[in-house]
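Trainee:
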Amino acid sequence: MGEGERFQLGTVGALTLSVVSSVSIVICNKALMSSLHFIFATTLTSWHLLVTFCSLHVALKMRFFEHKPFEQKAVMGFGVLNGISIGLLNLSLGFNSVGFYQMTKLAIIPCTVLLETIFLGKRFSKRIQFALSILLVGVGIATVTDLQLNALGSFLSLLAVITTCIAQIMTNTIQKKFKVSSTQLLYQSSPYQAATLLISGPYLDKLLTNQNVFGFKYTTQVTVFIILSCLISISVNFSTFLVIGKTSPVTYQVLGHLKTCLVLAFGYILLQDPFSWRNILGILIAMIGMILYSYYCTLENQQKAVDAASQASQGREGESDPLVNVENGSAVMSDTVGQRQMSPVWSKSKD
Numbered sequence: 008m009g010e011g012e013r014f015q016l017g018t019v020g021a022l023t024l025s026v027v028s029s030v031s032i033v034i035c036n037k038a039l040m041s042s043l044h045f046i047f048a049t050t051l052t053s054w055h056l057l058v059t060f061c062s063l064h065v066a067l068k069m070r071f072f073e074h075k076p077f078e079q080k081a082v083m084g085f086g087v088l089n090g091i092s093i094g095l096l097n098l099s100l101g102f103n104s105v106g107f108y109q110m111t112k113l114a115i116i117p118c119t120v121l122l123e124t125i126f127l128g129k130r131f132s133k134r135i136q137f138a139l140s141i142l143l144v145g146v147g148i149a150t151v152t153d154l155q156l157n158a159l160g161s162f163l164s165l166l167a168v169i170t171t172c173i174a175q176i177m178t179n180t181i182q183k184k185f186k187v188s189s190t191q192l193l194y195q196s197s198p199y200q201a202a203t204l205l206i207s208g209p210y211l212d213k214l215l216t217n218q219n220v221f222g223f224k225y226t227t228q229v230t231v232f233i234i235l236s237c238l239i240s241i242s243v244n245f246s247t248f249l250v251i252g253k254t255s256p257v258t259y260q261v262l263g264h265l266k267t268c269l270v271l272a273f274g275y276i277l278l279q280d281p282f283s284w285r286n287i288l289g290i291l292i293a294m295i296g297m298i299l300y301s302y303y304c305t306l307e308n309q310q311k312a313v314d315a316a317s318q319a320s321q322g323r324e325g326e327s328d329p330l331v332n333v334e335n336g337s338a339v340m341s342d343t344v345g346q347r348q349m350s351p352v353w354s355k356s357k358d
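With the numbering used here applied, the sequence shown corresponds to residues 8 to 358, in that order.
1. Tell me the rounded alpha-carbon separation between SER242 and PHE221.
2. Near SER92, what residues of its chain come up, given a Cβ to Cβ distance below 6 Å and the 5 sequence neighbours on each side ignored?
3. Can you have a look at GLN310 and say buried or exposed, based on whether 16 or more other CB atoms are within 10 angstroms of its CB?
4. Can you name the start and end residues of the alpha helix (DSSP H) that GLN109 belongs to?
5. Buried or exposed for THR23, going by 16 or more other Cβ atoms inside 10 Å?
6. Which of helix, strand or coil does DSSP assign to ILE46?
7. Would DSSP call LEU156 helix, strand or coil?
8. Under three-state DSSP, which class holds HIS264?
9. Which word fits TYR259, buried or exposed, when buried means at least 16 other C-beta atoms lie within 10 angstroms of its C-beta?
10. Alpha carbon to alpha carbon, what distance is there between TYR194 and PHE223?
11. Would the segment 87-104 count as touching the segment 134-151 if we require 3 or more Cβ pairs under 8 Å?
12. Using a Cβ-Cβ cut-off of 7 Å (strictly less than) and excluding sequence neighbours within five positions of ALA21, which residues of its own chain qualify?
13. Please report the distance separating the alpha-carbon of LEU39 from that of ALA167.
14. Could you check what DSSP says for GLN310 in three-state terms: helix, strand or coil?
15. Using C-beta distances below 6 Å, list every residue in its chain close to ASP212, excluding the 5 sequence neighbours before and after it, in chain order.
16. Where does the unbroken alpha helix (DSSP H) through LEU235 begin, and where does it stop?
17. How far does the alpha helix (DSSP H) with VAL151 in it extend, from its first residue to its last?
18. With the cut-off set at 8 Å, would you say PHE45 and VAL229 are in Cβ contact?
19. At which residues does the alpha helix (DSSP H) containing PRO209 begin and terminate?
20. Might you give, ordered along the chain, the residues of its own chain that have their beta carbon closer than 6 Å to the beta carbon of SER197, omitting 5 neighbours on each side?
21. Could you tell me the alpha carbon to alpha carbon distance between VAL82 and LYS129, rounded to whole angstroms?
22. For the alpha helix (DSSP H) that contains VAL220, what are its first and last residues?
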């Protein structure tokens, strides 16, 4: 099996793991919050990250992966920013209607495209933009209901979108720049994410729910579901870093909307949630957008592979040319050795 085939297989595995684990944790958390009334989302997320770090620490001791330290400031800034983005998303949901919160999540893709275009010099083809537009329209039809606006909620949503986009772009660029794996990055950043949310979580949850997480009555059933949620979160956090590292922040957001559609479908099938023809139409349109996005990305990746092979071939031919050519008794210096344009590692992948 060639290196390209192994990479594609690894990418498919990462995408599958991300979808399965994310849908599983949403269903688990929905039962925990809706049925058992444990509504402290930010604190629960901090426990997820703490359990993830402890699990990775055990895996490190068992030599499942190698610890590779790099710039401490970059790790700390990245971890804190991730924690802040999670808290802001929860605040956005608390101070906005569900419909406006869904619009906030939809805004992450165009914002990511804009930031990567401006600051990273990426180029998104018109057909990729077309596929993303269809996807966003479909998800909007399926999920967005009311759009009640307020100044504070809109400001929090704007901050949530910006911090989430930057954090996800950093997830990709840090892995490429420092040549660290998703596991190594998650292991080093999760303590800072967990600490940020462990400190702020109880206050945010108190603000949003008017209840104290430490005053909640923890029955055996609630405790079991919390433990199950934390265990699933290990896979969720790992697959998030893995997918963004192997693909791109935009592809991860596309995958996130696929999860939304699956959660809606599973909620209708398993939990008898209300479902309408609008939901069905939106999911179908979104699926068309996802299929087109995957198809166009595959075509462009194949074209990039062909171009890279062609450039490598030209480079080898150039290197085989003599450096000194003799014509009509005169020596002429040849500078036709193939030159390769150097660029940062993180700027090579295009969506």
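Note that CB positions come from ideal geometry on N, CA and C, so glycine has one too.
Owing to the predicted nature of the structure, the values given are computational and were not obtained by experimental measurement.
Mentor: Taking the definition as stated:
1. 27 Å
2. THR170, THR171 and ALA174
3. exposed
4. 105-126
5. exposed
6. coil
7. coil
8. helix
9. buried
10. 30 Å
11. no
12. SER246, LEU249, VAL250 and LYS253
13. 25 Å
14. helix
15. PHE47, THR49, THR50 and VAL220
16. 227-253
17. Element bounds for VAL151: n/a, residue is neither H nor E.
18. yes
19. 189-216
20. LEU56, THR59 and PHE60
21. 24 Å
22. From DSSP, VAL220 is part of no alpha helix (DSSP H); its letter is neither H nor E.
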